[in-house]
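Peer 1:
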Amino acid sequence: MAHILDDRQKQVSMAGANERTIDCNKASLAGSVSQRACVFCGSRVVLYPIVDALHVIHGPIGCAAYTWDIRGSLSSGPELHRLSYCTDLQEKDVIFGGEKKLYASIIELIELHQPKAAFIYTTCIVGVIGDDVEQICRTIQKEKGIPIIPVQSPGFQGSKKDGYKVACEAIFTLVGTKNKPFTPAKSINILGDFNLAGELWILLEYYKRMGVHVNATITGDGRVDDICNAHNAALNVVQCSGSMNYLAKMMKDEYNIPSMRVSYFGIEDMSDALYDVARFFKDDDMMEKARALVKEEFSRLIPELAWYKERLTGKKAAIYVGGAFKAISLVKALRLIGVETVIVGSQTGTTEDYELIKQLCDEGTIIVDDSNPVELAHFVKEKKADIFIGGVKERPIAHKIGLGFCDHNHERKEPLAGYEGMLNFAKEIYATAMSPVWRFTK
Ligand code: SF4
265 MAHILDDRQK QVSMAGANER TIDCNKASLA GSVSQRACVF CGSRVVLYPI
315 VDALHVIHGP IGCAAYTWDI RGSLSSGPEL HRLSYCTDLQ EKDVIFGGEK
365 KLYASIIELI ELHQPKAAFI YTTCIVGVIG DDVEQICRTI QKEKGIPIIP
415 VQSPGFQGSK KDGYKVACEA IFTLVGTKNK PFTPAKSINI LGDFNLAGEL
465 WILLEYYKRM GVHVNATITG DGRVDDICNA HNAALNVVQC SGSMNYLAKM
515 MKDEYNIPSM RVSYFGIEDM SDALYDVARF FKDDDMMEKA RALVKEEFSR
565 LIPELAWYKE RLTGKKAAIY VGGAFKAISL VKALRLIGVE TVIVGSQTGT
615 TEDYELIKQL CDEGTIIVDD SNPVELAHFV KEKKADIFIG GVKERPIAHK
665 IGLGFCDHNH ERKEPLAGYE GMLNFAKEIY ATAMSPVWRF TK
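What follows is the structure, given as structure tokens:
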């Protein structure tokens with residue numbers, strides 16, 4: 265495999281009983297041009313959907329541009345999250361410090377928007393010049409009486425995964441600081457759904473039909489007051505465990521709230537998520553409602569999916585996403601519509617995740633950890649994939665080599681979770697993989 269750097273060889277494996285265990289969960293190799301984003305990006309992704317909080321980035325404007333309203337997280341109320349404020353640090357600030365600028369910016373923005381809380385993100389340059397952001401946050405919190413939370417996320421300190429941890433620590437400072445008058449006994453917090461294209465609202469409807477109360481959504485369509493009361497839920501239901509496991513663990517240690525890992529992608533994993541919650545509450549009536557819901561959705565969905573399966577059978581897909589847990593759901597969902605997965609990779613998978621993928625995939629499927637554009641382009645050509653499923657950074661790789669692309673990341677505008685999300689997914693795969701435009705590419 266000449267296109268794989270020597271020090272990365274162990275991070276690539278294949279499905280098959282005799283293939284080696286993948287080497288993962290480590291820092292990216294210098295110079296390998298990893299697809300992973302920076303610490304700041306990881307923290308911003310997680311905190312962005314808290315819609316009634318102020319988000320202020322202390323750094324150069326380039327850092328802020330990355331997250332300025334390009335993400336698909338929707339709000340059912342306030343839309344303060346869509347404004348990505350930045351102190352726009354200049355050369356003069358780098359030399360003399362940006363503390364005064366930051367203080368003045370936060371004060372002005374609080375007076376303008378009256379937010380419930382403020383998250384203040386530090387970036388690479390702030391990590392270098394050493395502005396005392398924590399002190400500024402403490403001072404303003406005293407003056408204004410709302411939580412001002414420093415998010416210590418200089419990009420160079422690690423990868424997106426480290427940013428998730430920093431974001432979880434920031435959220436945790438809110439948890440347990442308020443009690444609502446009443447929280448029903450059978451209530452859950454949803455962790456790790458970011459309400460992309462309104463996906464969270466689909467899930468809320470399912471849980472409502474089952475009689476489950478959703479106490480806080482962290483962070484999709486998130487509200488500061490709900491997060492403050494999150495410690496009163498009976499269970500944390502965690503999707504995208506890569507980003508929210510830390511928070512679930514901290515809440516278990518501090519408030520003894522158990523957690524379970526679920527996926528809402530694909531009909532098997534979606535159904536398991538509902539059954540697992542009913543099972544947790546040991547409630548026969550809830551389980552009966554979950555079964556009825558699944559039966560109703562299946563009877564509507566299966567005939568429609570059969571149409572796509574008939575037409576897509578024989579097509580091949582490449583998957584490269586942030587978390588491996590999502591990749592596992594995608595392999596199952598693609599199989600349901602007749603599409604074979606020939607490449608599966610993730611930025612942040614664990615040994616257990618990759619072992620599961622190895623068992624799930626057909627022999628010969630390439631499995632890769634923390635890949636880069638050269639490798640991915642090579643794998644896709646070698647395996648003759650018909651469609652690439654990934655995020656914003658994978659789109660140009662696919663399009664440059666004339667391949668259909670399905671966005672399964674935070675920028676998408678189509679809900680892909682739940683039962684109706686599965687149908688949207690099938691439609692999108694079909695429309696993209698079967699598009700006549702690919703006949704005109706080399
Ligand atoms: S790596 Fe540093 S400079 Fe680049 S976006 Fe992240 S925080 Fe900003």
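Heads up: take any position in the sequence shown, counting from 1, add 264, and you land on this note's numbering. Using N, Cα and C, we set each Cβ at its ideal position, and we do this for glycine too. Just so it is clear, the structure is predicted and the values come from calculations on it, not from any experiment.
Would you kindly work out how many angstroms separate the C-alpha atoms of L508 and K425, rounded to a whole number?
Peer 2: The residue you call residue 508 lines up with position 244 of the sequence shown. The residue you call residue 425 lines up with position 161 of the sequence shown. Residue 508 is actually Met in this sequence, not Leu. In a straight line, the C-alpha of M508 is about 10 Å away from that of K425.
Peer 1: Are the CB atoms of F458 and G427 within a distance shorter than 8 Å?
Peer 2: As a position in the sequence shown, residue 427 is number 163, starting the count at 1. As a position in the sequence shown, residue 458 is number 194, starting the count at 1. Contact: no.
Peer 1: Taking P379 and A291 to be in contact with their CB atoms under 8 Å, please state how far apart those CB atoms are, rounded to whole angstroms.
Peer 2: Here residue 379 corresponds to residue number 115 of the sequence shown, with the count starting at 1. Here residue 291 corresponds to residue number 27 of the sequence shown, with the count starting at 1. That belief does not hold up - the Cβ atoms of P379 and A291 are roughly 35 Å apart, past 8 Å.
Peer 1: E355: buried (16+ other C-beta within 10 angstroms of its C-beta) or exposed?
Peer 2: As a position in the sequence shown, residue 355 is number 91, starting the count at 1. E355 comes out exposed.
Peer 1: Taking A317 as part of the beta strand (DSSP E), name the residues at either end of that continuous run.
Peer 2: By 1-based counting over the sequence shown, the position of residue 317 is 53. From DSSP, the beta strand (DSSP E) with A317 extends over A317 to H322.
Peer 1: Looking only at its chain, what residues have a beta carbon closer than 7 Å to the beta carbon of V488, apart from the 5 residues adjacent to it on each side?
Peer 2: Numbered from 1 along the sequence shown, position 224 holds the residue referred to as residue 488. Closer than 7 Å at the Cβ level, and outside the excluded window around V488, lie I314, D316, A317, K380, A381 and L438.
Peer 1: At a cut-off of 7 Å, is T351 close to the ligand FMN when judged by its beta-carbon and the heavy atoms of the ligand?
Peer 2: Ligands in the displayed structure: the ligand SF4; the ligand FMN is not one of them.
Peer 1: Just checking C305 against the ligand SF4 - is the residue's beta carbon closer than 7 Å to any of the ligand's heavy atoms?
Peer 2: Within the sequence shown, the letter at position 41 stands for residue 305. At least one heavy atom of the ligand SF4 is nearer than 7 Å to the Cβ of C305, so yes.
Peer 1: What does the alpha-carbon distance come out to for the pair P256 and R473?
Peer 2: Lying before the first or after the last residue shown, residue 256 is absent from the chain, which here runs from 265 to 706.
Peer 1: Report back the beta-carbon spacing between C401 and I410 to the nearest angstrom; my notes put them in contact at under 8 Å.
Peer 2: As a first step, residue 401 is located in the sequence shown; it is residue number 137 there, counting from the start. As a first step, residue 410 is located in the sequence shown; it is residue number 146 there, counting from the start. That pair is no contact at about 11 Å.
Peer 1: Taking 8 Å as the cut-off, decide whether the C-beta atoms of S563 and V585 are in contact.
Peer 2: Here residue 563 refers to the residue found at position 299 of the sequence shown. Here residue 585 refers to the residue found at position 321 of the sequence shown. No, they are not a contact pair.
Peer 1: In terms of alpha-carbon separation, which member of G462, E433 and V501 lies closest to D451?
Peer 2: Locating residue 451 in the sequence shown gives position 187, counting from the first residue. In the sequence on display, residue 451 carries Ser and not Asp. Of the listed residues, the one whose Cα sits closest to S451 is V501.
Peer 1: Measuring only from the beta carbon, is F420 closer than 7 Å to any heavy atom that is part of the ligand SF4?
Peer 2: For this step, residue 420 is matched to residue 156 along the sequence shown. Answer for F420: yes, Cβ within range of the ligand SF4.
Peer 1: Assuming contact is defined by CB atoms lying nearer than 8 Å, are G391 and F420 in contact in what I supplied?
Peer 2: Taking the first residue of the sequence shown as 1, we reach residue 391 at position 127. Taking the first residue of the sequence shown as 1, we reach residue 420 at position 156. Yes, Cβ-Cβ distance for G391 and F420 is below 8 Å.
Peer 1: Judging by CA-CA distance, which residue of L499, G295, A581 and G486 is the nearest neighbour of K648?
Peer 2: By 1-based counting over the sequence shown, the position of residue 648 is 384. When only C-alpha atoms are compared, the closest one is A581.
Peer 1: Quick one: what's got a C-beta closer than 6 Å to V603's C-beta in the same chain, skipping five residues either side?
Peer 2: Looking up residue 603 in the sequence shown gives position 339. Excluding positions up to five away in sequence, the list reads L576, K579 and A581.
Peer 1: Taking 7 Å as the cut-off, is the beta-carbon of G323 closer than that to any non-hydrogen atom of the ligand SF4?
Peer 2: Walking along the sequence shown from the start, residue 323 turns up at place 59. It does: the Cβ of G323 is within 7 Å (strictly closer) of some heavy atom of the ligand SF4.
Peer 1: Thinking A681 and Y528 are a contact (beta carbons under 8 Å), I'd like their distance in whole angstroms, please.
Peer 2: Numbered from its first residue, the sequence shown carries residue 681 at position 417. Numbered from its first residue, the sequence shown carries residue 528 at position 264. Rounded, the Cβ-Cβ distance is 4 Å, consistent with contact.
Peer 1: If you count every other CB in all the chains shown that lies within 10 Å of the CB of T707, and 16 or more means buried, which is it?
Peer 2: It is not possible to answer for residue 707, since the shown part of the chain is limited to 265 through 706.
Peer 1: If you draw a straight line from the alpha carbon of Q399 to that of A494, how long is it in whole angstroms?
Peer 2: Along the sequence shown, read from residue 1 onward, the residue named residue 399 stands at position 135. Along the sequence shown, read from residue 1 onward, the residue named residue 494 stands at position 230. Taking the straight line joining both Cα atoms gives about 27 Å.
Peer 1: Roughly how many whole angstroms lie between the Cα atoms of P342 and V656?
Peer 2: Locating residue 342 in the sequence shown gives position 78, where the first residue counts as 1. Locating residue 656 in the sequence shown gives position 392, where the first residue counts as 1. P342 and V656: Cα-Cα distance of roughly 26 Å.
Peer 1: Per the DSSP calculation, G609 is bridged to which residue(s)?
Peer 2: As a working mapping, residue 609 is identified with position 345 in the sequence shown. Answer by DSSP bridge pairing, in chain order: Y584 and V632.
Peer 1: Got a sec, what are the start and stop residues for the alpha helix (DSSP H) V709 sits in?
Peer 2: Here the chain comprises residues numbered 265 to 706, so residue 709 is not present and cannot be evaluated.
Peer 1: So, is I631 buried or exposed, given that buried needs 16 or more other C-beta atoms within 10 angstroms?
Peer 2: The residue given as residue 631 occupies position 367 in the sequence shown. Buried.
Peer 1: According to the Cβ coordinates, are I653 and C670 closer than 8 Å?
Peer 2: Walking along the sequence shown from the start, residue 653 turns up at place 389. Walking along the sequence shown from the start, residue 670 turns up at place 406. Closer than 8 Å, so yes.
Peer 1: Tell me whether the segment 591-606 and the segment 677-696 touch, counting them as touching only if at least three CB pairs, one residue from each stretch, are closer than 8 Å.
Peer 2: A contact exists between the segment 591-606 and the segment 677-696.
Peer 1: Quick check on DSSP: helix, strand or coil for D540?
Peer 2: Working through the sequence shown from its first residue, we reach residue 540 at position 276. Residue state, collapsed to three classes: helix.
Peer 1: Suppose the cutoff is 7 Å on Cβ atoms and the five residues either side in sequence are ignored; what does the same chain contact list for S635 look like?
Peer 2: The residue given as residue 635 occupies position 371 in the sequence shown. The answer, listed in chain order, is Q299, Y584 and G609.
Peer 1: From what residue to what residue does the alpha helix (DSSP H) around V488 run?
Peer 2: Indexing the sequence shown from 1 puts residue 488 at position 224. Where V488 is concerned, the enclosing alpha helix (DSSP H) stretches over V488 to C492.
Peer 1: With respect to 7 Å, is the separation between the Cβ of C388 and the closest non-hydrogen atom of the ligand SF4 below this value?
Peer 2: Residue 388 sits at position 124 when you count from the first residue of the sequence shown. Within the cutoff, so yes.
Peer 1: Out of I325, G306 and R703, state which residue places its alpha-carbon closest to the alpha-carbon of I665.
Peer 2: Residue numbering aside, residue 665 sits at position 401 when the sequence shown is read from its first letter. Checked all of I325, G306 and R703; the closest Cα to I665 is R703.
Peer 1: In terms of DSSP beta bridges, what is L499 paired with?
Peer 2: Taking the first residue of the sequence shown as 1, we reach residue 499 at position 235. For L499, which the question treats as bridged, DSSP gives the partners I452.
Peer 1: Cβ of C302 versus every heavy atom of the ligand SF4: is any distance shorter than 7 Å?
Peer 2: Here the question's residue 302 lines up with position 38 in the sequence shown. Indeed, a heavy atom of the ligand SF4 lies less than 7 Å from the Cβ.
Peer 1: Report the residue from I454, T447 and K553 whose alpha carbon sits nearest the alpha carbon of G475.
Peer 2: Here residue 475 is taken as the residue at index 211 of the sequence shown, counted from 1. Of the candidates I454, T447 and K553, the one whose C-alpha sits nearest the C-alpha of G475 is K553.
Peer 1: Measuring CA to CA, which of K516, G462 and I370 is closest to S337?
Peer 2: Reading the sequence shown from its first residue, position 73 is the one you call residue 337. Closest option to S337, Cα to Cα, is G462.
Peer 1: Using 10 angstroms around the beta-carbon of E469, count the other beta-carbons present and answer buried if the total reaches 16, otherwise exposed.
Peer 2: Reading the sequence shown from its first residue, position 205 is the one you call residue 469. Per the 10 Å Cβ criterion, exposed.
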